[in-house]
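S.K.: Numbering (the numbering used here), first residue to last: 979 to 1044.
Just so you know, even glycine gets a beta-carbon here, dropped at the ideal spot from N, CA and C.
Pasting in a structure now, in structure tokens, and then I'll have a few things to ask.
Next up, the structure:
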């Protein structure tokens, strides 16, 4: 399976359905990324360059916020 980057910036060439799909894909990515970050062990936080405050702030965001 080939994975490609999703465009989340609306353009004049995208249809309404494409815009909805792009937004849903971004929301799903946000949800999964934040869930993974929430479950990440503390000893790995330094490896990704984030502290407890940054992680807490990021995981507290709702999925629809960038």
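Are the CB atoms of residue 1007 and residue 1039 within a distance shorter than 8 Å?
M.R.: Translated into positions along the chain shown, residue 1039 becomes position 61. Translated into positions along the chain shown, residue 1007 becomes position 29. No; because the gap between Cβ atoms is not below 8 Å, this pair is not in contact.
S.K.: What separation, rounded to the nearest whole angstrom, lies between the Cα atoms of residue 1004 and residue 993?
M.R.: Here residue 1004 refers to the residue found at position 26 of the chain shown. Here residue 993 refers to the residue found at position 15 of the chain shown. The alpha-carbon atoms of residue 1004 and residue 993 are separated by roughly 17 Å.
S.K.: What span of residues does the alpha helix (DSSP H) with residue 1032 cover, start to end?
M.R.: For the purposes of this step, residue 1032 is taken as the residue at position 54 of the chain shown. Start and end: 1030 to 1037.
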